[in-house]
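The structure appears below as structure tokens.
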Amino acid sequence: MQPDLWALYRLMLHSRLFENAVIHLWDEGLISGEMHMGIGEEAIVAGIVSQLIEGDALALDHRGTPPLLMRGVDPVLLLREFLGRPDGLCAGMGGHMHLFSREHLAASSGIVGASGPAAVGFALSGVLQRPGTLAVAFFGEGSMNQGMLLESMNLAVVWNLPVLFVCKDNGWSISTMSPSMTGGNLLDRAHGFGMPGIAVDGNDIESFYAVGEEAVQRARNGEGPTFIRASCSHPEGHMLGLQLQRIARQPLKEMGEIAGPLLRSVTRVKGASLRERVESVKEILSMLGKTIKEEYIPGDDPLKLTRQKLIKDESRLDDLEREVLQEIEIVVEQALEPEELELGRTQ
Amino acid sequence: MQPDLWALYRLMLHSRLFENAVIHLWDEGLISGEMHMGIGEEAIVAGIVSQLIEGDALALDHRGTPPLLMRGVDPVLLLREFLGRPDGLCAGMGGHMHLFSREHLAASSGIVGASGPAAVGFALSGVLQRPGTLAVAFFGEGSMNQGMLLESMNLAVVWNLPVLFVCKDNGWSISTMSPSMTGGNLLDRAHGFGMPGIAVDGNDIESFYAVGEEAVQRARNGEGPTFIRASCSHPEGHMLGLQLQRIARQPLKEMGEIAGPLLRSVTRVKGASLRERVESVKEILSMLGKTIKEEYIPGDDPLKLTRQKLIKDESRLDDLEREVLQEIEIVVEQALEPEELELGRTQ
Amino acid sequence: MRKLNFSEAAEDALAQAMAQDKHIIYFGEDVVANRRNLLVRFGKDRVRNTPISESAFLGAAVTAAMSGLRPVVEIMIIDFIAVAMDALLNHAAKIETFSGGKWNVPLVVRAACGGGYGDGGQHEQSLWGWLAHIPGLSVVVPSTPADAGGLILAALEHPNPVIFLEHKLLAENWLDFMGTGGRKTVQFDVPVEGARGPAPRKWQQIPIGQAVERRKGSDLTIISIGVGVHRALEAADSLDEQGISVSVIDLRTISPLDKGAIIESVAKTGRLLVVDEDYESFGLSGELAAITLEAGIPLKYNRVCTMGTIPFSRELEDQALPNVQRIKKAAVSLMEN
Amino acid sequence: MRKLNFSEAAEDALAQAMAQDKHIIYFGEDVVANRRNLLVRFGKDRVRNTPISESAFLGAAVTAAMSGLRPVVEIMIIDFIAVAMDALLNHAAKIETFSGGKWNVPLVVRAACGGGYGDGGQHEQSLWGWLAHIPGLSVVVPSTPADAGGLILAALEHPNPVIFLEHKLLAENWLDFMGTGGRKTVQFDVPVEGARGPAPRKWQQIPIGQAVERRKGSDLTIISIGVGVHRALEAADSLDEQGISVSVIDLRTISPLDKGAIIESVAKTGRLLVVDEDYESFGLSGELAAITLEAGIPLKYNRVCTMGTIPFSRELEDQALPNVQRIKKAAVSLMEN
Ligand SMILES: Cc1ncc(C[n+]2csc(CCOP(=O)(O)OP(=O)(O)O)c2C)c(N)n1
Ligand SMILES: Cc1ncc(C[n+]2csc(CCOP(=O)(O)OP(=O)(O)O)c2C)c(N)n1
Ligand SMILES: [Mg+2]
Ligand SMILES: [Mg+2]
């Protein structure tokens with residue numbers, strides 16, 4: 009089936025603007041702790057989530073916001089959760105890495121790789137109780153070295169379960185270039201577990217949607233799991249405020265702090281040879297440079313790409329964008345409203 | 009290089025006869041707990057261990073006896089360890105699943121998959137301290153679904169370490185047919201982690217030796233890890249005295265105990281449909297049948313196969329066999345000698 | 004009343020529950036062979052083999068439990084939980100809290116535990132106090148066939164994760180598997196009353212968190228669990244002859260503890276001896292000290308626990324695990340001071 | 004004496020040790036970025052990135068340690084140890100015993116721990132008492148820069164595995180990473196004396212297993228560790244004004260415990276209040292009760308610990324973790340009863 013690009017763009021834009029608001033609130037200090045954005049992954053998430061039906065399940069990683077939004081979780085509840093409010097999605101107990109929505113069969117985890125086993129369990133209960141449904145596992149390419157995720161691929165194959173293993177490959181795990189720590193290739197790994205694996209551009213919603221559709225079909229037909237490796241990037245970096253991100257944005261200020269100890273490490277007596285030391289400095293600088301280039305100034309933004317396909321109907325696009333922006337403004341407003349007094353308390 | 013078949017046969021025979029003695033002592037109740045034999049794996053073990061040099065390391069699973077023997081651990085110490093004696097290899101503290109010999113850089117574990125990471129650690133210290141050495145991980149095919157082993161393959165690749173991942177594939181993990189719980193194929197998995205993988209008949213010492221030699225070469229040359237999948241069988245079954253083994257040996261007696269509850273489970277009200285129940289009974293019977301056929305009455309015995317190649321020189325063979333038998337008899341005798349009084353105690 | 008072996012009782016109660024509730028499913032390594040009776044009766048959709056992938060299948064059990072099934076997951080022996088600990092520590096135990104109380108995890112983890120048959124320190128641990136440290140997990144350890152059946156039933160009704168541990172000296176299937184191996188030449192100190200005993204025709208729950216007084220006495224309270232209870236009872240009989248009157252409490256559940264029963268007994272006797280096959284430090288034995296002190300009870304206290312990594316040698320093992328001798332000695336010293 | 008931040012102190016001492024002993028190697032996720040100063044000085048053979056494969060690289064560290072290296076392995080935050088627990092529980096902790104004392108595992112596991120900055124319950128655990136339950140592991144938790152340096156040095160000399168935990172409220176690099184993120188808009192209750200303090204030019208070991216009395220008092224002993232020590236000191240000052248004289252002991256090492264120091268102080272004051280950021284039950288707080296009772300000291304006892312899964316909400320989190328308010332209340336109630 010042809011995807012409805014307008015609907016998909018709306019989903020993606022809604023998620024993007026919501027997350028932009030989250031960034032703002034986090035900057036303001038209203039959201040605590042780490043904050044991992046799904047910005048840059050919207051086409052992958054929309055391409056899958058838009059194909060889900062009632063009874064399908066979602067196993068999410070530390071970037072659970074876009075999938076939950078697109079699946080229909082109330083954005084006000086979500087934002088209140090981030091704010092740690094008792095009237096948040098999880099009563100302020102979970103936070104952005106530990107988001108749960110029972111009615112949507114959606115569970116998150118901040119533990120790398122945990123979405124694999126989680127999707128398998130959802131899929132098993134689906135097969136036994138909700139025939140024709142499936143479970144999606146979202147995870148990054150760095151997670152492909154975590155044992156439980158690898159195990160779960162095998163388990164899904166031998167139990168022939170309807171699981172979509174969706175690897176969002178941005179090439180980075182925090183500040184490590186994933187290929188440097190990953191042997192072989194991810195599609196081969198999937199094959200090694202007996203599962204078809206497909207690589208696709210995760211910024212191109214149409215190609216991705218088609219790949220997703222096929223995998224969804226296989227799953228619903230009882231033909232077992234599929235692995236999808238979809239490329240993407242994270243223009244906000246691994247998480248908000250990571251030192252790398254700060255260097256990318258204010259190189260002079262932040263590099264200053266780093267440089268002193270680094271230079272001292274070059275000169276201190278005892279240690280590696282000078283050649284080795286200089287090599288290491290180069291490696292660190294190259295890592296910095298690469299992350300800035302690859303992550304923070306990404307090439308393809310899935311929203312821009314999709315938008316280009318819709319630009320011919322500019323007025324519709326304008327309307328849509330204005331509408332979504334308004335929606336988000338209202339969401340933020342509502343989320344920030346003072347908590348309602350609980351009746352129980354006043355009685 | 010051509011392997012010295014006579015030397016290899018001696019290694020294998022020594023291990024076989026030693027383990028036969030172990031079986032006897034276990035039957036007699038002198039050895040406690042579980043007992044997993046390496047019988048049937050001798051060609052694989054000899055084919056690798058005979059190529060090791062000083063400084064190479066061994067990471068072993070629950071079948072550590074043959075590798076330790078062939079690597080040169082004193083058989084008397086080993087046997088005394090199995091007997092739980094304070095003068096055993098590990099002072100009676102380890103037992104047959106937890107065997108350690110520091111001087112041989114050999115460590116065992118009863119935890120499935122643990123030999124993978126262990127070999128990686130040995131290999132890392134080898135690279136930094138003993139250039140040209142390598143580390144071997146022995147494990148069964150069932151272990152190929154344990155996350156830490158999979159992770160360790162990737163780690164060995166990205167750190168480019170001299171590790172031999174040697175998978176002794178007998179097709180069974182306890183009473184489960186491994187292929188029924190393993191998706192894809194093991195060589196593909198190795199490729200998926202970026203490592204060459206080779207399949208070989210583990211009963212044929214000459215083919216196996218050649219494959220091992222190549223892998224050893226690669227490792228020593230700094231070309232990284234290799235995965236070897238070597239077929240074999242365990243004529244003593246998963247472990248001594250396992251119910252399956254007893255059924256194989258005394259079907260009437262042991263089946264009697266099983267049959268009652270099984271039949272009751274077919275007839276009790278509530279539960280699966282009769283068709284399903286009968287299917288399950290069939291599955292269990294087929295599992296029993298298969299294990300008896302595949303495990304306990306194996307086709308190829310690596311010792312027999314090797315022996316055939318040497319039979320032309322019958323008198324030399326006779327001498328060798330008599331010699332080894334005598335050696336083992338002496339080992340058993342010595343191992344069973346009363347413990348020497350510790351001087352400390354009597355003073 | 005009929006008599007059943009420990010494992011028979013657990014299986015019988017489990018079958019009763021599975022017949023009533025089709026959401027109960029059962030999986031783990033080798034269950035086709037080891038739980039063949041359940042397989043035959045309930046079919047292969049509900050009784051499943053797994054690969055040797057504890058972290059994947061225990062992790063899967065968590066979400067299966069969250070989405071309408073009631074999984075019983077078998078971790079062959081509790082020592083192996085280490086490879087799958089994340090599913091318990093960071094998921095099963097926490098999701099009810101994380102979800103703001105809106106989503107629970109009705110999961111039963113079943114595993115063999117304990118030593119006394121010479122299998123070495125990586126295969127004979129108890130770990131119940133260790134698991135109990137994690138908020139959100141319940142841990143039960145039956146010491147008789149009747150409790151095995153009643154507690155597994157309760158575990159299956161519990162809204163959140165329960166670890167159900169069966170001691171290998173009690174569960175004849177596991178002892179045959181790992182200890183006896185069909186041999187007539189080995190003997191273990193199997194507590195008779197724990198291995199075989201009366202069992203109801205129709206099982207009723209034994210509520211989680213309910214201890215039971217196995218023996219009344221006035222001088223000293225021994226609190227224990229699992230095989231330790233039987234060791235304590237044996238020691239108590241012998242102490243009786245020496246004029247020391249011992250009360251023995253079988254916790255049955257480690258987490259949550261039956262604080263009422265514990266405090267009541269110790270308040271009476273003023274002396275607490277903990278007999279715990281789990282490691283001594285930072286575990287059950289300490290927690291019992293804390294609970295009684297928190298209740299403001301002045302008491303004398305001693306403990307007999309497993310002191311370090313369990314030796315393989317049967318002789319050393321018997322010394323390392325709580326035995327009747329050590330219990331008696333500790334009791335006597337409690338009376339003296 | 005110069006002053007250093009907590010993380011600077013640890014790194015400084017580590018560098019001193021690495022300069023002296025070339026067998027020390029360092030690996031973990033992202034260490035190229037996060038431990039860049041060590042990388043530059045000691046080169047890429049000795050300072051290595053790993054894949055996100057904790058069970059493989061921690062397992063590898065065990066045998067690396069056994070074969071001549073002295074690895075420091077970084078588990079980013081201790082909560083993640085769950086995926087690699089087998090390497091600790093069944094290997095690192097047991098191999099010395101298994102080998103009959105012939106082979107030891109000189110391994111240091113370094114991890115950030117603790118909460119108080121709003122990161123949620125899967126990322127803020129302490130788990131030190133939980134780890135300490137395992138015989139064969141030492142667990143150290145410094146509360147000042149000086150201790151961070153001295154204890155890491157001791158860990159690097161120790162013949163067997165040491166878990167070295169750094170609280171995120173003390174270690175500025177981790178707080179920046181997970182809490183502040185360069186923001187000026189957030190504030191945390193960082194104990195000033197813990198985050199920055201005097202440090203020797205040349206580091207000396209602080210022996211493992213040695214507690215220190217941070218404050219002398221006669222009515223009540225507070226025993227704590229990590230950030231809890233600073234909370235206790237703050238509470239003690241305020242209790243002083245109410246006429247309650249409090250002694251504060253900083254354990255520094257959880258396992259092995261400094262029994263002498265504990266018993267001596269509690270024997271004097273007769274009152275023990277444990278302040279422990281790890282979970283309350285079956286952990287450190289109970290063990291301290293057991294130890295004092297075993298020593299035959301009559302005492303009053305109370306504890307302020309983390310009660311359950313740590314909530315994300317900063318407000319609820321502050322209630323869940325031991326805070327000054329709760330400590331004062333518990334102390335007062337100990338004095339009253
Ligand atoms: C078991 C575990 N180890 C380490 C971490 C810390 N961590 C959080 S996200 C992350 C990187 C994940 O990379 P990837 O899977 O590629 O996802 P991405 O962040 O790039 O989307 C790491 C190492 C963790 N959360 N869990
Ligand atoms: C983590 C873990 N899970 C389960 C077991 C129990 N167990 C011991 S051996 C074994 C089967 C291993 O099969 P395989 O790797 O093929 O080796 P084989 O016994 O056939 O040589 C199992 C499941 C264990 N020791 N460790
Ligand atoms: Mg990534
Ligand atoms: Mg096998």
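Line order of the protein sequences matches chains Y, A, D and G.
Each position in the first sequence, counted from 1, maps to that position plus 8 in this note's numbering.
Each position in the second sequence, counted from 1, maps to that position plus 8 in this note's numbering.
Each position in the third sequence, counted from 1, maps to that position plus 3 in this note's numbering.
Each position in the fourth sequence, counted from 1, maps to that position plus 3 in this note's numbering.
Built from N, CA and C at the ideal position, the CB exists for glycine as well.
With distances taken from CA atoms, which of G:Phe83, G:Gly185, G:Ala95 and G:Val50 is nearest Glu36 (chain Y)? As a first step, residue 36 (chain Y) is located in the first sequence; it is residue number 28 there, counting from the start. In this structure, G:Gly185 is the residue among G:Phe83, G:Gly185, G:Ala95 and G:Val50 with its C-alpha nearest to the C-alpha of Glu36 (chain Y).
For Thr314 (chain Y), write down the residues that DSSP places opposite it in a beta bridge. For this step, residue 314 (chain Y) is matched to residue 306 along the first sequence. In the DSSP assignment, no residue is bridged to Thr314 (chain Y).
Find the residues of chain Y that neighbour Pro125 (chain G), judging by a C-beta separation of less than 8 Å, and give them in chain order. Here residue 125 (chain G) is taken as the residue at index 122 of the fourth sequence, counted from 1. The question names Pro, yet the displayed sequence has Gln at residue 125 (chain G). Think of a sphere of 8 Å around the beta carbon of Gln125 (chain G): the chain Y residues whose beta carbon falls inside it are Met105, His106, Ser117, Gly118 and Ile119, in chain order.
Mind the definition here: the region 63-76 of chain G touches the region 126-138 of chain A only if three or more C-beta pairs lie below 8 Å; say whether that holds. yes
Kindly indicate the opening and closing residues of the beta strand (DSSP E) around Ala143 (chain A). Taking the first residue of the second sequence as 1, we reach residue 143 (chain A) at position 135. For Ala143 (chain A), the uninterrupted beta strand (DSSP E) run begins and ends at Ala143 to Gly148, by DSSP.
Kindly say whether Ser188 (chain Y), judged by its beta-carbon, lies nearer than 9 Å to any beta-carbon of chain G. In the first sequence, counting from the first residue as 1, residue 188 (chain Y) sits at position 180. Taking Cβ atoms only, chain G reaches closer than 9 Å to Ser188 (chain Y), which makes this a yes.
Check Gly205 (chain A) in the structure and name its three-state DSSP category. Within the second sequence, the letter at position 197 stands for residue 205 (chain A). In this structure, Gly205 (chain A) counts as strand in the three-state DSSP scheme.
Report yes if the C-beta of Lys176 (chain A) is less than 8 Å from at least one heavy atom of ligand 4; otherwise report no. Taking the second sequence and counting its residues from 1, one reaches residue 176 (chain A) at position 168. Yes, ligand 4 has a heavy atom inside 8 Å of this Cβ.
Burial state of Gly104 (chain G), where buried means 16 or more other Cβ atoms lie within 10 Å: Residue mapping note: residue 104 (chain G) aligns to position 101 of the fourth sequence, counting from 1. With fewer than 16 Cβ atoms within 10 Å of its Cβ, Gly104 (chain G) is classed as exposed.
For the region 229-242 of chain G, which residues have a CB atom closer than 8 Å to at least one CB atom of chain A, in sequence order? none
Please determine whether the Cβ atom of Ser181 (chain A) lies at a distance below 8 Å from any heavy atom of ligand 2. Sequence index remark: in the second sequence, residue 181 (chain A) carries index 173 (1-based). Under cutoff, so the answer is yes.
Under 7 Å between beta-carbons, which chain G residues line up against Asn93 (chain D)? List them in chain order, please. One-based indexing of the third sequence puts residue 93 (chain D) at position 90. Result: Asp82, Ala85 and Gln125.
Please compile the residues from chain Y whose C-beta is within a distance smaller than 7 Å of the C-beta of Gly155 (chain A). Here residue 155 (chain A) is taken as the residue at index 147 of the second sequence, counted from 1. In chain order: Gly155, Met156, Leu158 and Glu159.
Out of D:Ala95, D:Asp240, D:His94 and D:Ile78, point me to the one whose CA is closest to Val251 (chain D)'s CA. What you label residue 251 (chain D) is simply residue 248 of the third sequence in a count that begins at 1. For Val251 (chain D), the nearest C-alpha among the options comes from D:Asp240.
Residues in its own chain within less than 6 Å of Ala135 (chain D) by CB, not counting five upstream and five downstream? Counted from its first residue, the third sequence places residue 135 (chain D) at position 132. Counting only Cβ-Cβ distances below 6 Å, and skipping sequence neighbours, we find Val142, Ile257 and Ser258.
Below 8 Å on the Cβ atoms is my guess for Leu169 (chain A) versus Pro233 (chain A); work out the distance and round it to an integer in Å. As a working mapping, residue 169 (chain A) is identified with position 161 in the second sequence. As a working mapping, residue 233 (chain A) is identified with position 225 in the second sequence. Leu169 (chain A) to Pro233 (chain A), Cβ: 6 Å. Contact.
Ignoring anything shorter than 4 residues, give me the alpha helix (DSSP H) runs that lie fully in the region 85-110 of chain G, in order along the chain. Counting whole runs of 4 or more residues, the region 85-110 of chain G contains the alpha helix (DSSP H) stretches 98-101.
For Val305 (chain G), which residues in the same chain have their Cβ closer than 6 Å to its Cβ, ignoring the five residues on either side in sequence? Here residue 305 (chain G) is taken as the residue at index 302 of the fourth sequence, counted from 1. According to the sequence displayed, residue 305 (chain G) carries Asn and not Val. Excluding positions up to five away in sequence, the list reads Leu276, Ala333 and Leu337.
Residues bridged to Tyr29 (chain D) [DSSP beta-bridge criterion]: By one-based count along the third sequence, residue 29 (chain D) stands at place 26. Bridge partners of Tyr29 (chain D): D:Val50 and D:Val75.
Taking 8 Å as the cut-off, is the C-beta of Glu32 (chain D) nearer than that to any heavy atom in ligand 2? If you number the third sequence from 1, residue 32 (chain D) lands on position 29. Checking the Cβ of Glu32 (chain D) against ligand 2 gives yes.
Starting from Asn168 (chain A), trace the beta strand (DSSP E) in both directions and tell me its first and last residue. The residue labelled residue 168 (chain A) in the question sits at position 160 within the second sequence. Note, Asn168 (chain A): premise wrong, no beta strand (DSSP E); not H, not E.
Three-state class that DSSP yields for Ile300 (chain D) in the structure shown: Walking along the third sequence from the start, residue 300 (chain D) turns up at place 297. The answer is coil: DSSP assigns Ile300 (chain D) none of H, G, I, E or B.
At the 9 Å Cβ level, is Phe9 (chain D) part of the contact set with chain G, yes or no? Here residue 9 (chain D) is taken as the residue at index 6 of the third sequence, counted from 1. Closer than 9 Å: no.
Decide if Leu260 (chain Y) is buried, meaning its Cβ has at least 16 other Cβ atoms within 10 Å, or exposed. Translated into positions along the first sequence, residue 260 (chain Y) becomes position 252. Result: exposed.
How big is the Cα-Cα spacing for Glu57 (chain G) and Ala64 (chain G)? Translated into positions along the fourth sequence, residue 57 (chain G) becomes position 54. Translated into positions along the fourth sequence, residue 64 (chain G) becomes position 61. Going by the C-alpha atoms only, they are around 10 Å apart.
Flag Glu318 (chain D) as yes when its Cβ comes closer than 8 Å to any non-hydrogen atom of ligand 4, and as no otherwise. To locate residue 318 (chain D), count along the third sequence from 1; it is residue 315. The answer is no for Glu318 (chain D).
In this structure, does DSSP put Tyr282 (chain D) in helix, strand or coil? By 1-based counting over the third sequence, the position of residue 282 (chain D) is 279. The answer is strand: DSSP assigns Tyr282 (chain D) an E or B state.
Determine the extent of the beta strand (DSSP E) in which Pro201 (chain D) is found, giving its start and end residues. Taking the first residue of the third sequence as 1, we reach residue 201 (chain D) at position 198. DSSP places Pro201 (chain D) in the uninterrupted beta strand (DSSP E) bounded by Arg199 to Ala202.
For Val286 (chain Y) and Leu107 (chain Y), I'd like the C-alpha separation in whole angstroms. Within the first sequence, numbered from 1, the residue matching residue 286 (chain Y) stands at position 278. Within the first sequence, numbered from 1, the residue matching residue 107 (chain Y) stands at position 99. Whole-angstrom Cα-Cα distance: 44 Å.
Ile239 (chain A) Cβ short of 8 Å to ligand 4 heavy atom set: Here residue 239 (chain A) corresponds to residue number 231 of the second sequence, with the count starting at 1. In the sequence as presented, Ile is not what sits at residue 239 (chain A); that position holds Ser. No, the Cβ of Ser239 (chain A) stays beyond 8 Å of every heavy atom of ligand 4.
In whole angstroms, give me the CA-to-CA distance for Gly231 (chain G) and Gly100 (chain A). Indexing the fourth sequence from 1 puts residue 231 (chain G) at position 228. Indexing the second sequence from 1 puts residue 100 (chain A) at position 92. The alpha-carbon atoms of Gly231 (chain G) and Gly100 (chain A) are separated by roughly 43 Å.
Quick check: is the beta carbon of Thr354 (chain A) nearer than 9 Å to any beta carbon in chain G? Taking the second sequence and counting its residues from 1, the one referred to as residue 354 (chain A) is at position 346. Any reading at Thr354 (chain A) is ruled out, since the residue's pLDDT is 38, under 50, leaving its predicted position unreliable.
Taking 9 Å as the cut-off, decide whether the C-beta atoms of Val128 (chain Y) and Gly31 (chain D) are in contact. As a first step, residue 128 (chain Y) is located in the first sequence; it is residue number 120 there, counting from the start. As a first step, residue 31 (chain D) is located in the third sequence; it is residue number 28 there, counting from the start. No, Cβ-Cβ distance for Val128 (chain Y) and Gly31 (chain D) is not below 9 Å.
Against Gly191 (chain Y), what residues of chain A qualify as contacts under a CB-to-CB distance less than 7 Å, listed in chain order? Counting from one through the first sequence, the residue named residue 191 (chain Y) turns up at place 183. Residues of chain A passing the Cβ test: Asn162, Val165, Val166, Phe201, Gly202 and Met203.
Taking 8 Å as the cut-off, is the CB of Gly182 (chain D) close to at least one heavy atom of ligand 2? Residue mapping note: residue 182 (chain D) aligns to position 179 of the third sequence, counting from 1. Flag unset: Cβ of Gly182 (chain D) not near ligand 2.
Using a Cβ-Cβ cut-off of 6 Å (strictly less than) and excluding sequence neighbours within five positions of Thr299 (chain A), which residues of its own chain qualify? As a position in the second sequence, residue 299 (chain A) is number 291, starting the count at 1. Counting only Cβ-Cβ distances below 6 Å, and skipping sequence neighbours, we find Leu252.
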